[in-house]
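Residue numbers (this note's numbering), protein chains in the order written: chain A, 3 to 143; chain B, 39 to 282.
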């Protein structure tokens, strides 16, 4: 599972961003998980909350909120917007596994249900985004 | 409060921390033989006992696995994704995931796919990682220059006027971006013109020698035993020694 690797990236990004924002401590992280990547949410959340933060005291006591976002594809050929369930998806389980690793590989397997084009944009619900970091510094009192 | 960050770039440096030398193989022009050179050079390095990786960055037309005769197989996942190790080469390619399916990607999607693979691939400890660049100086090339630390470039060209102009532009841009150039390798040479050597001198970079045009190469693609007997493999020996 590479959920741990993605969670690791979230923690590293949060610590870097906190540094740049002058935060000594991270109080809360809000992470958005896109439907397309088919992350194993329990494993991802466990990695975020129980495994990785213990390695840095600045984030050890942070609260984590994981939200999910549904996929929206926008067809570049005909303009139709559609959900993952509506896309004509070739490739079966192999397609799902490939998209899990690299969501952009949906372009290899998914087609617009309206015109059949593989030329689309992933408008929402792609992968992991660190939505919000809340923290404080010693100077805050 | 900080809002909306893509976390993937923050882990790339650590993912590549165990790689001693990162070499982008580029020719700026399609059909110049980048993939054959990159894959065969990786093989020559592996044969010399060098711990080498090969990252096929041509997402829309990956072909390193074709040169080396490697079938599609999903990489193993464990705290990231492990490259396949085939013929002693640690290898990653979109072809392992997409198989024979065409992958029509626009610029932003290409950038995102590159970020994903850089963020999740566990290269481990390598002496050399070769990055087989896509043709041209578009999104992927610029992203690689921005995202991959300690990157050097190996340029490939030949004596065709069309190629020379293209390589000149690439060398000029890379110099402007302060990307170190290992040198210029002449590929598919049919006659000795000195044009490529002069081009290397123009940019003050080493001329790395010439690979002769090899009419037997096509039949050797996909079979590393035969590949090792080609003029291409033989001509890359010196370069492999210098990189190892």
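Where a beta carbon is used, it is the ideal one built from N, C-alpha and C, also for glycine.
Answer yes or no: does any C-beta atom of chain B fall closer than 8 Å to that of residue i?
i: residue 109 of chain A; result: yes
i: residue 18 of chain A; result: yes
i: residue 51 of chain A; result: no
i: residue 14 of chain A; result: yes
i: residue 130 of chain A; result: yes
i: residue 2 of chain A; result: Only positions 3 to 143 of chain A appear in this structure, which leaves residue 2 of chain A out of reach.
Taking buried to mean at least 16 other C-beta atoms within 10 Å of its own C-beta, is residue i buried or exposed?
i: residue 37 of chain A; result: buried
i: residue 21 of chain A; result: exposed
i: residue 114 of chain A; result: buried
i: residue 34 of chain A; result: buried
i: residue 244 of chain B; result: exposed
i: residue 30 of chain A; result: exposed
i: residue 215 of chain B; result: exposed
I'd like to know whether the C-beta of residue i is nearer than 8 Å to at least one C-beta of chain A.
i: residue 44 of chain B; result: yes
i: residue 155 of chain B; result: yes
i: residue 95 of chain B; result: no
i: residue 158 of chain B; result: yes
i: residue 49 of chain B; result: yes
i: residue 118 of chain B; result: yes
Find the nearest neighbour of residue i within the set the options, judged by alpha-carbon distance.
i: residue 107 of chain B; options: B/96, B/124, B/97; result: B/124
i: residue 66 of chain B; options: B/196, B/245, B/153; result: B/196
i: residue 32 of chain A; options: A/42, A/71, A/4, A/40; result: A/71
i: residue 147 of chain B; options: B/139, B/210, B/97; result: B/97
i: residue 23 of chain A; options: B/207, B/70, B/40; result: B/40
i: residue 71 of chain B; options: B/172, B/139, B/208; result: B/172
i: residue 185 of chain B; options: B/156, B/59, B/208; result: B/156
i: residue 219 of chain B; options: B/181, B/63, B/266; result: B/63
i: residue 39 of chain A; options: A/127, A/6, A/140, A/95; result: A/127
i: residue 261 of chain B; options: B/95, B/159, B/81; result: B/81
Considering only DSSP beta bridges, list what residue i is partnered with.
i: residue 64 of chain B; result: B/193
i: residue 75 of chain A; result: A/84, A/124
i: residue 66 of chain A; result: A/31
i: residue 146 of chain B; result: None, per the DSSP bridge assignment.
i: residue 170 of chain B; result: B/63, B/94
i: residue 157 of chain A; result: The requested residue 157 of chain A does not occur in the structure, where chain A is confined to residues 3 to 143.
i: residue 135 of chain A; result: A/31, B/40
i: residue 271 of chain B; result: Looking at the DSSP assignment, residue 271 of chain B forms no beta bridge with any residue, so it has no partner.
i: residue 118 of chain A; result: Residue 118 of chain A pairs with nothing; no bridge assigned.
Compute the minimum distance between the beta carbon of residue i and the heavy atoms of the ligand MN, and state whether it is under 7 Å.
i: residue 226 of chain B; result: By its list of ligands, the structure shown contains no ligand whatsoever, and the ligand MN lies outside what it can speak to.
Compare the C-beta of residue i against all C-beta atoms of chain E and say whether one is closer than 8 Å.
i: residue 120 of chain A; result: As a matter of chain content, chain E is missing from the structure shown, whose protein chains are A and B.
When the Cβ atoms of the segment 187-201 of chain B are set against those of the segment 150-158 of chain B, are three or more pairs found closer than 8 Å? no
Does the segment 56-73 of chain A come into contact with the segment 123-140 of chain A, if we say contact requires no fewer than three beta-carbon pairs (one atom in each stretch) closer than 8 Å? yes
Taking three-plus beta-carbon pairs below 8 Å as touching, is the segment 77-91 of chain A in contact with the segment 44-51 of chain A? no
Within 8 Å, do at least three Cβ pairs link the segment 89-104 of chain B to the segment 159-167 of chain B? yes
Check whether the segment 201-209 of chain B and the segment 234-247 of chain B are in contact - that is, three or more C-beta pairs closer than 8 Å. yes
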